[in-house]
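Asker:
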Amino acid sequence: MDIKKTPKKLNVKEKYRLMTRDLAWEPSYRDEKEIYPYVDYEGIKVHDWSKWEDPFRLTMDAYWKYQAEKERKYYAIIDAHAQNNGHLNVTDARYLTAIKLFLQGISPGEYAAHRGFARVGREFAGVGPQVACQMQSIDEIRHAQTQVHAMSNYNKFYNGFKDFATQRDRIWYTSVPRSFFDDAMSAGPFEFLIAIGFSFEYVLTNLLFVPFMSGAAYNGDMATCTFGFSAQSDEARHMTLGLECIKFMLEQDPDNIPIVQKWIDKWFWRGCRLLTLVAAMMDYMLPKRVMSWREAWNIYGVENGNALFRDLARYGIKPPMHWDDVEKSIDHTSHQIMLGLYQWKFGTAFHAWTPSASDIEWLKEKYPTTFEKYYLPRWEYAIAQKEAGGEYNNFGLPKLCQTCQLPCLFTEPDDPTQLCHRETEYEGEKYHFCSDGCQHVFEQEPEKYVQAWLPMPALMQEPLKGDLAAWMEWVSLEPTAAGEYANSEDKANFEKWRKQVSTD
Amino acid sequence: MQIDVQTVNIAQKNQTFTHLKKRFGDKKIPSRYQEASYDLQAVENLHYRPTWAPEQELYDPNLSKIRMSDWYDLKDPRQFYYSTYTLNRAKQQETMESNFKTVESLNLIEGMPDPVLKITQDLLIPLRHLNYASNLNNTLVCGYGYGTVFTQPCVYHAMDNLGIAQYLSRLGLMIGDVESLEAAKQDWMESDAWQPLRRSLEDLMCVRDPVEVFIKQNFVLDGLLYPLVYQRIVDKHLLELGGSGISILTQFMTNWYLESVRWVDSVVKTMAAESAENKAVLEEWIDSAANHFTSVLLPVAGLAVEGNHTDELVSEVHEGLMKRATKAGLFK
Amino acid sequence: MSKVFIILQANEDTRPIVEAIEQDNPDAEVVHEPAMVKVQAEGSLVVRRETIEEEIGREFDMQELNINLITLSGNVDEDEDALTLTWNS
């Protein structure tokens, strides 16, 4: 070899190949199967790992440099937010319900994604996807941490934030996102990547982060908007990873196509069910709205999703199985979920409320075919009860869907007056589902979904045995964090503090 | 209406999150490290067992022989969370960037004596493959270890190892273009000096106990290799041969090792202090791995120094490692 | 035809980038929303380093885009000179 040879200028692609791909070697002392024991049990065939395409070619020096710049910007904003009582800049304190849900439900998901990507970043047998997944793993812990740091300041002044760690594991509604991430993590490495990298990141996070975070900004919450957009800049890399992974599998072997299709069907549905919570956040919890859930779905779901599936059609991939059911549900889910959260608000670490007169006008305008006809009467009933001095609560325990863990509160796709309910018997036990989609997911892998931890039956069993007060203690739910917003300490404090700082 | 939110003083409801209050009380405002690290991992009511290993839990402390009553005792003395970690590395990266520029603009490689370049090529460049193995090993610890304060630094460590592999690659490209990397890979795959080490790393990549991997990679192997290669060979031997340019380009590795020793030692110390059983397991791992890796590194050291000098060097670093073990409460 | 898009945070850093994208993609549509700006086009969109450099009057590394990028849609091809988004349909 000729030492002191003047190096030629390498282009980015070649340089990146040398800096990552070329680091790995083919083991000769041990069998690959011993090093990568989990890479083939799902049935995905990979003939050539080097065919993996790296979409963004960040070497570590560039990664540190650009991420540090994002971090500096981010912490400057949340420091200023904390020092200047930025929490009083939000439109009104109803908005806080959205970010309480975020901290209890989404941030733990970011953390789970961090651990999951570390696992697949170890289990894939090719250095290209290994490094891409590791980078996503470190990004995801960033997201969990920046979210906790942003919420930390809200926790100092408001109820419902302080015990997110207990509520993550015990309270009923966080079981929805956690079962989603647990489902992905307990799957094999390729399915995990479809679940999080493709369905969640590519098809769905745009719906979570882009219009909602723009809404946070519009409602004066610069801390949340900043972590949202700052996280989403990493998501752009993650989404691309998800798409690359899918193309890689499809190109490696035609036998992979039906497996991938099955996962797309499953995870699209799982993701859409999870996002019904985001639908309620967007339509009901942003006091000032940027766009409705329907409008967001049209842009990021229909338009973007169709573009994606038209692109994947060349591999023989079809749009997800329950796409039509999702489409039919879009004008309904946010109302159904919010009505559900409202009637079970005694058991949530956030507040709920009935829509105001102006909210109702907006909802009518945005949902001309459904809101007034199906949901306004139910809200009016709740409002009338409140005006008569009562409170509309449903102390009956909701039946939870065995798959998505949401209460069975959705309606039949073709008949919004009929509650949808499905049942499957498996090994002598009956299991309940909110939809055909969730039933289908269960029936593909019943041995997995029978294991699901269902928070409502847990309340009826030892040691709680239906004792609501004992349950509230167990889930660390203080009465001040729950219930009607109008009567809440959060509202009273927010208004008092705002008065203190406002001058006419 | 005007809002002047900065002037008002509002009484706080909560100083801290409940899980931090339970651990640290609420006299002090928790640090960002504490907020970012403690109790972030789900603990109970995990929904499904892994389909890849149904005998395991999704987060399973029993994957290791090491037992901790609280895995959150294994705190990182550097208190790295994503932001502090990234800002630190960005600063070091800037220094390294200017080091590379300096070496380039002063043409330091051009003027370097042949023995320096030969040792750099033979000894340093193949190490990029070792860093890749360490990257995978630390990724495994992060993925399957228990408790965020233990697992979090491992993903940073994994990425650092990737970074080091990339710095070594740049060094290779600088001294001998793509051919340097090709030759180094061939050595790694075929030359006698490297085979025992490569075999040991392939063995280690088959280990699934996350703490065992952590100990053997980060405490034992790195604890022998970095003092041997970077402290003794690069920063002393090569310097004597006129290779200061090389030690400028490995400055990251030297400083990084000194920094990570504090973390690794603190983890070992805390685990050892937990129980006699832990202590016994750690001693067994460290003792056997230290002897094994010491012998494996002998031919590697031989790429830079002659004959009986290698024995001396290698037993020196072995002694240094055992001293660290004793300081951590082991072997006594 | 399907639409590709790129969304950037709305700030001083991205103003010249958006202008550069507009120059290179005369048919692209620019949509301003709270705190963000979306640039979309039918079929494909290209972001060129040289045009950005002309706008900002200094060297620009395509990877700097990462700092203010919010999201994108389409197959990505990035090298040192350009980032291209396309849908094959």
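Chains as they are written, first to last, in our numbering: chain A, 2 to 505; chain B, 6 to 337; chain C, 274 to 362. Where a beta carbon is used, it is the ideal one built from N, C-alpha and C, also for glycine. Small disclaimer: the values here were computed from a predicted structure and weren't measured.
Which whole-angstrom value is the C-beta distance of leucine 113 of chain B and methionine 210 of chain B, which I expect to be below 8 Å?
Answerer: Sequence index remark: in the second sequence, residue 113 of chain B carries index 108 (1-based). Sequence index remark: in the second sequence, residue 210 of chain B carries index 205 (1-based). Between methionine 210 of chain B and leucine 113 of chain B the Cβ distance is about 36 Å, and since that is not below 8 Å, they are no contact.
Asker: Would you identify the three-state DSSP class for threonine 359 of chain C, choosing helix, strand or coil?
Answerer: Start at 1 with the first residue of the third sequence, and residue 359 of chain C comes out as number 86. Strand.
Asker: Check the Cβ of proline 55 of chain B against every Cβ in chain A and list those closer than 8 Å, keeping chain order.
Answerer: As a position in the second sequence, residue 55 of chain B is number 50, starting the count at 1. The contacting residues are Met186 and Ser187.
Asker: Tell me whether leucine 308 of chain B sits in a helix, a strand or coil according to DSSP, three-state version.
Answerer: Against the second sequence, residue 308 of chain B aligns to sequence position 303. Leucine 308 of chain B: coil per DSSP, three-state reduction.
Asker: Under a CB-based cut-off of 9 Å, is methionine 136 of chain A close to chain B?
Answerer: Here residue 136 of chain A refers to the residue found at position 135 of the first sequence. True, the Cβ-Cβ gap to chain B drops below 9 Å.
Asker: Are glutamine 336 of chain C and serine 234 of chain A touching if we call contact CB-CB under 9 Å?
Answerer: Residue numbering aside, residue 336 of chain C sits at position 63 when the third sequence is read from its first letter. Residue numbering aside, residue 234 of chain A sits at position 233 when the first sequence is read from its first letter. Against a cut-off of 9 Å, the Cβ pair of serine 234 of chain A and glutamine 336 of chain C comes out as no contact.
Asker: For chain B, check one thing: does any of its Cβ atoms lie closer than 9 Å to the Cβ of proline 456 of chain A?
Answerer: Here residue 456 of chain A corresponds to residue number 455 of the first sequence, with the count starting at 1. Chain B, which has a Cβ nearer than 9 Å to the Cβ of proline 456 of chain A, makes this yes.
Asker: Taking three-plus beta-carbon pairs below 8 Å as touching, is the segment 176-191 of chain A in contact with the segment 267-278 of chain A?
Answerer: The answer is yes - the segment 267-278 of chain A touches the segment 176-191 of chain A, with three or more Cβ pairs under 8 Å.
Asker: Quick check on asparagine 395 of chain A: does DSSP put it in helix, strand or coil?
Answerer: Counted from its first residue, the first sequence places residue 395 of chain A at position 394. Looking at asparagine 395 of chain A - three-state DSSP - the assignment turns out to be coil, as it is neither helix nor strand.
Asker: Closest to tryptophan 50 of chain A by CA distance: which of A:Leu89, A:Glu245 and A:Ala69 is it?
Answerer: Residue 50 of chain A sits at position 49 when you count from the first residue of the first sequence. Taking only the C-alpha atoms, the option nearest tryptophan 50 of chain A is A:Glu245.
Asker: Using a Cβ-Cβ cut-off of less than 8 Å, give me the residues of the segment 213-228 of chain A that come near chain C, in sequence order.
Answerer: Result list: Met214, Ser215, Gly216, Ala218, Tyr219 and Cys226.
Asker: Suppose the cutoff is 6 Å on Cβ atoms and the five residues either side in sequence are ignored; what does the same chain contact list for alanine 383 of chain A look like?
Answerer: For the purposes of this step, residue 383 of chain A is identified with residue 382 of the first sequence, where counting begins at 1. Excluding positions up to five away in sequence, the list reads Thr355 and Tyr393.
Asker: Within 10 angstroms of its Cβ, does threonine 92 of chain A collect 16 or more other Cβ (buried), or is it exposed?
Answerer: As a position in the first sequence, residue 92 of chain A is number 91, starting the count at 1. Counting Cβ neighbours within 10 Å, threonine 92 of chain A comes out exposed, since fewer than 16 surround it.
Asker: With 8 Å as the C-beta to C-beta threshold (strictly closer), list the residues of the segment 188-206 of chain B near chain A in chain order.
Answerer: Residues passing the 8 Å Cβ filter: Ala188, Lys190, Trp193, Met194, Arg203 and Arg204.
Asker: In whole angstroms, what is the alpha-carbon distance linking glutamine 168 of chain A and valine 476 of chain A?
Answerer: Sequence index remark: in the first sequence, residue 168 of chain A carries index 167 (1-based). Sequence index remark: in the first sequence, residue 476 of chain A carries index 475 (1-based). One C-alpha to the other measures close to 6 Å.
Asker: Could you check the C-alpha separation between leucine 287 of chain A and methionine 339 of chain A for me, to the nearest Å?
Answerer: In the first sequence, counting from the first residue as 1, residue 287 of chain A sits at position 286. In the first sequence, counting from the first residue as 1, residue 339 of chain A sits at position 338. Each residue's Cα considered, the two are about 13 Å apart.
Asker: Let me know if methionine 292 of chain A comes out buried or exposed under the rule of 16 or more other beta-carbons within 10 Å of its beta-carbon.
Answerer: Position 291 of the first sequence, counting from 1, holds the residue named residue 292 of chain A. Classification of methionine 292 of chain A: buried, given that the 10 Å Cβ count is 16 or more.
Asker: Can you pull the DSSP bridge partners for glutamine 282 of chain C?
Answerer: In the third sequence, counting from the first residue as 1, residue 282 of chain C sits at position 9. C:Met309.
Asker: Measure from the C-beta of methionine 240 of chain A to each C-beta in chain C and report whether the shortest distance is under 9 Å.
Answerer: To locate residue 240 of chain A, count along the first sequence from 1; it is residue 239. Yes, contact with chain C.
Asker: Considering only DSSP beta bridges, list what tyrosine 427 of chain A is partnered with.
Answerer: Counting from 1 along the first sequence, the entry for residue 427 of chain A is found at position 426. Bridge partners of tyrosine 427 of chain A: A:Glu430.
Asker: DSSP three-state call for glutamine 20 of chain B: helix, strand or coil?
Answerer: The count along the second sequence starts at 1 and reaches residue 20 of chain B at position 15. Note: glutamine 20 of chain B maps to coil in three-state DSSP.
Asker: Threonine 156 of chain B lies in the alpha helix (DSSP H); which residues open and close that run?
Answerer: As a first step, residue 156 of chain B must be located in the second sequence, where it is residue number 151. That run of the alpha helix (DSSP H) goes 153-195.
Asker: Spatial neighbours of threonine 206 of chain A within its chain, please: C-beta separation below 6 Å, excluding the five flanking residues on both sides.
Answerer: In the first sequence, residue 206 of chain A corresponds to position 205, counting from 1. Result list for threonine 206 of chain A: Glu236, in chain order.
Asker: Does the CB of lysine 500 of chain A have a neighbour CB from chain C at under 9 Å?
Answerer: Position 499 of the first sequence, counted from the start, is the residue given in the question as residue 500 of chain A. It does not: the Cβ of lysine 500 of chain A has no partner Cβ on chain C nearer than 9 Å.
Asker: Give the DSSP-derived three-state secondary structure of lysine 314 of chain C in the structure shown.
Answerer: Numbered from 1 along the third sequence, position 41 holds the residue referred to as residue 314 of chain C. One point to set straight first is that residue 314 of chain C is alanine, not lysine, in the sequence displayed. DSSP places alanine 314 of chain C in strand when its eight states are reduced to three.
Asker: Counting pairs of Cβ atoms below 8 Å between the segment 265-272 of chain B and the segment 284-299 of chain C, do you hit three or more?
Answerer: Output reads no: the segment 284-299 of chain C does not touch the segment 265-272 of chain B.
Asker: Looking at the strands, I want to know which residues DSSP matches up with alanine 353 of chain A.
Answerer: Translated into positions along the first sequence, residue 353 of chain A becomes position 352. Paired residues: A:Glu485.
Asker: Report the option in A:Glu373, A:Phe181 and A:Ile107 whose CA atom is closest to the CA atom of alanine 453 of chain A.
Answerer: Counting from 1 along the first sequence, the entry for residue 453 of chain A is found at position 452. Nearest option by C-alpha distance: A:Phe181.
Asker: At a CB-CB cut-off below 7 Å, which residues of chain B make contact with phenylalanine 158 of chain A?
Answerer: Mapped onto the first sequence, residue 158 of chain A falls at position 157. Under the 7 Å cutoff, chain B gives Ile15, Gln17 and Lys18.
Asker: When you check each C-beta in the segment 33-64 of chain A against every C-beta of chain C, which residues fall closer than 8 Å?
Answerer: Those residues of the segment 33-64 of chain A that come within reach of chain C (Cβ to Cβ, closer than 8 Å) are Pro56, Phe57, Arg58, Leu59 and Ala63.
Asker: Rounded C-beta distance between leucine 1 of chain B and aspartate 214 of chain B? I'm assuming under 8 Å.
Answerer: Examination of residue 1 of chain B is not possible in this model, given that chain B is present from 6 through 337 alone.
Asker: Given 8 Å as the limit, is there contact between the segment 183-200 of chain A and the segment 115-127 of chain A, that is, 3 or more CB pairs closer than that?
Answerer: Verdict: yes, contact present.
Asker: With respect to the beta strand (DSSP E) encompassing threonine 418 of chain A, which residues constitute its N-terminal and C-terminal limits?
Answerer: The residue given as residue 418 of chain A occupies position 417 in the first sequence. 416-420 is the extent of the beta strand (DSSP E) around threonine 418 of chain A.
Asker: Looking only at its own chain, which residues have a Cβ that is under 6 Å from the Cβ of methionine 101 of chain B, when we skip the five neighbours before and after it?
Answerer: One-based indexing of the second sequence puts residue 101 of chain B at position 96. Within the same chain, methionine 101 of chain B has close Cβ partners Phe257.
Asker: If the cut is a Cβ gap below 8 Å, which residues of chain A does serine 110 of chain B touch?
Answerer: Mapped onto the second sequence, residue 110 of chain B falls at position 105. In chain order: nothing, as chain A lies at least about 14 Å away.
Asker: Would you report the Cα separation of methionine 20 of chain A and glutamine 222 of chain B, rounded to the nearest angstrom?
Answerer: Reading the first sequence from its first residue, position 19 is the one you call residue 20 of chain A. Reading the second sequence from its first residue, position 217 is the one you call residue 222 of chain B. Computed Cα separation, rounded: 22 Å.
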